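Structure, as structure tokens:
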Amino acid sequence: MSDAAAERLAQPLAATSTDRASGLRRPGAAALPAGPAGAARAGRGSLKWSLAERRRQHVHHRVDAAELPVRHEACRTARPYKLALTKSGALFEHELRKRDDDRQDLVWVEG
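Numbers 101 to 211, taken from this note's numbering, label the letters of the sequence shown in order.
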């Protein structure tokens with residue numbers, strides 16, 4: 101394979117690895133998407149979302165059905181009730197491993 105052909109093959113991997121490796125703000129930071137209307141950050145990897153009962157149940161069922169690594173519970177201390185979503189530690193560990201893999205791919209491609 102010629103150097104030019106190898107370069108053409110490596111460019112998409114380098115671009116993807118660079119984007120993913122630099123896309124996280126800090127090690128272990130797997131950002132929750134911008135919260136929906138009525139949602140507020142409750143801490144690292146947490147979100148509290150004001151939802152009516154039917155919508156809370158819908159989100160509970162969707163999280164359970166998808167087997168997402170997110171703890172979810174209804175906070176019934178005030179009205180409207182809030183749904184607390186919290187990422188598990190496994191999700192942060194997965195992001196760290198993925199980020200390390202992306203850095204290794206980038207080193208390999210640039211090497």
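Note that the Cβ used here is the ideal one computed from N, Cα and C, for glycine as well.
Remember, predicted model here, so these are calculated numbers, not experimental data.
Quick check: residue i and residue j, are their CB atoms within less than 7 angstroms of each other?
i: lysine 182; j: serine 150; result: yes
i: valine 262; j: valine 159; result: Here the chain comprises residues numbered 101 to 211, so residue 262 is not present and cannot be evaluated.
i: valine 209; j: alanine 105; result: no
i: alanine 184; j: glutamate 173; result: yes
Residue i by DSSP, collapsed to three states: which one?
i: aspartate 103; result: helix
i: leucine 132; result: For leucine 132, the predicted model reports a pLDDT of 45, less than 50, meaning its position is unreliable; a value from the coordinates is still stated below. Reduced to three states, the DSSP call for leucine 132 is coil.
i: threonine 177; result: coil
Would you mind reading off the limits of the beta strand (DSSP E) that contains residue i?
i: glutamate 167; result: Per DSSP, glutamate 167 belongs to no beta strand (DSSP E) and is neither H nor E.
i: alanine 152; result: Looking at the DSSP string, alanine 152 is not in any beta strand (DSSP E), and its letter there is neither H nor E.
i: alanine 190; result: Per DSSP, alanine 190 belongs to no beta strand (DSSP E); it is in the alpha helix (DSSP H), 189 to 210.
Using CA coordinates, which residue listed in the options is at the minimum distance from residue i?
i: aspartate 201; options: Lys187, Leu168, Ala114, Lys148; result: Ala114
i: alanine 152; options: Leu191, Thr186, Pro180, Arg203; result: Pro180
How many whole angstroms separate the CB atoms of residue i and residue j, which I take to be in contact at a CB cut-off of 8 angstroms?
i: cysteine 175; j: lysine 198; result: Cysteine 175 to lysine 198, Cβ: 31 angstroms. No contact.
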